[in-house]
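To start, the structure under review is shown below, and the notes come after it.
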Amino acid sequence: MIRPEADTLLEIVDLQARVEDKPILKGVNLTIKAGEIHAVMGRNGSGKSTLSKVLAGHPSYVVTGGRVLYRGANLLDLEPEQRARLGLFLGFQYPVEIPGVSNLEFLRVSTNARRSEKGEEELDTFAFEDLVRERLQVVQMDPAFLERSVNEGFSGGEKKRNEILQMALLDPLVAILDETDSGLDIDALRIVAGGVNHLASPDNATLLITHYQRLLDVITPDYVHVMAGGRILRTGGKELALELEDRGYDWVDQELAVLEVA
């Protein structure tokens with residue numbers, strides 16, 4: 028049974044994971060509380076996306092050590108569908124297309140599954156259409172996209188907006204956004220970031236995974252974490268992201284080399 032643990036939503040302790048025979052995460056520690064926005068930054072191969080997939084329960088990633096508590100319960104014991112129903116949301120870096128599945132129906136079924144888990148009444152077709160059209164305003168999305176197959180023929184920006192629309196409907200407690208800014212032009216970035224800001228509340232939390240400072244110009248994080256070599260090397264405020272923008276990642280490599288020698 029899931030139980031609240033103060034205001035801590037997600038607690039990651041010494042998390043280690045591998046893909047096939049390759050260790051990727053080598054001891055990640057991170058605590059996320061309600062009302063917080065965290066940003067994880069780092070180069071390609073640092074372990075950022077692996078962290079998001081492990082938290083979501085991707086079957087290709089094997090946890091070899093550590094623990095993850097979600098609202099006080101062992102997240103790693105839950106199947107991916109259970110994690111989603113309980114309010115853990117993953118926005119993909121590369122959202123997949125699902126030909127033949129109506130976007131509207133996909134959103135309705137997933138929303139009702141989440142509502143059922145929260146003890147809320149499921150929405151019939153008409154009530155859901157009213158809700159989804161209201162939520163479309165959050166991402167400035169054309170209602171015509173509801174009638175198309177999930178992400179099929181969508182541009183990169185449209186796919187990312189569709190991800191935030193899912194987030195708006197599912198009302199997650201912890202939203203993990205894996206490089207949501209990837210491939211977005213300035214206008215699309217503004218719309219997507221505006222949606223994330225609109226959905227943030229004192230009751231939920233957001234984990235942003237990104238390479239670049241530009242996303243953090245429009246979404247202000249409470250904490251910035253620098254990741255390298257499968258570990259979080261340093262944590263700070265927004266000024267840490269500005270330092271990365273100014274200095275690059277060379278200093279991160281130096282700190283990682285010292286840590287690995289030690």
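Counted the way the working numbering counts, the sequence shown spans residues 28 to 289. Where a beta carbon is used, it is the ideal one built from N, C-alpha and C, also for glycine.
Residue environment for Asp-157: exposed (fewer than 16 other C-beta atoms within 10 angstroms of its C-beta). The bridge partners DSSP lists for Asn-56 come to none. Cβ-Cβ distances below 8 Å link Leu-211 to Gly-183, Gly-184, Lys-187, Val-219 in the same chain, with the five nearest sequence neighbours on each side left out; the list follows chain order. Secondary-structure assignment with DSSP links Lys-49 through a beta bridge to Val-46.
Counting other Cβ atoms within 10 Å of its Cβ, Val-123 stays below 16 and is therefore classed as exposed.
Comparing alpha carbon positions, the residue from Arg-98, Leu-37, Pro-50 closest to Arg-258 is Pro-50.
For the options Pro-199, Val-245, Glu-287, His-225, the alpha carbon positioned closest to that of Leu-113 is the one of Pro-199.
Within the stretch 226–276, the runs of alpha helix (DSSP H) that reach at least 4 residues and sit entirely inside it are, in chain order, 265–274. Closest in C-alpha terms to Ser-143, from the list Gly-118, Gly-127, Val-159, Gln-109, comes Gln-109. Relative to Glu-106, the option among Gly-93, Ala-232, Lys-80, Gly-146 whose CA is nearest is Lys-80. A straight-line Cα-Cα distance of about 22 Å links Arg-241 and Val-201.
Per the C-alpha coordinates, the member of Leu-243, Tyr-239, Tyr-250 positioned closest to Asn-224 is Leu-243. Within its own chain, the residues whose Cβ lies closer than 7 Å to the Cβ of Leu-163, once the five positions on either side in sequence are excluded, are Pro-170, Leu-192, listed in chain order. If you draw a straight line from the Cα of Gly-93 to the Cα of Arg-160, it comes to about 42 Å.
In the three-state reduction of the DSSP assignment, Arg-175 falls in the coil class, being assigned neither a helical nor a strand state. When the alpha-carbon of Asn-101 is set against those of Leu-82, Phe-119, Leu-267, Val-253, the nearest one is in Leu-82. A distance below 7 Å between beta-carbons, with the five flanking residues on each side excluded, links Gly-127 to the following residues of its chain, in chain order: Ser-176. At a Cβ-Cβ threshold of 8 Å, Gln-120 and Glu-206 count as neighbours.
Val-253 and Arg-217 have their C-alpha atoms some 24 Å from each other.
According to the DSSP secondary-structure assignment, Gly-118 is paired through a beta bridge with Leu-204.
Less than 8 Å divides the Cβ of Leu-103 from the Cβ of Val-90. Per DSSP, Leu-96 is one residue of the beta strand (DSSP E) stretching across 88–97.
Take the alpha-carbon of Asp-208 and the one of Ser-137: they are about 24 Å apart.
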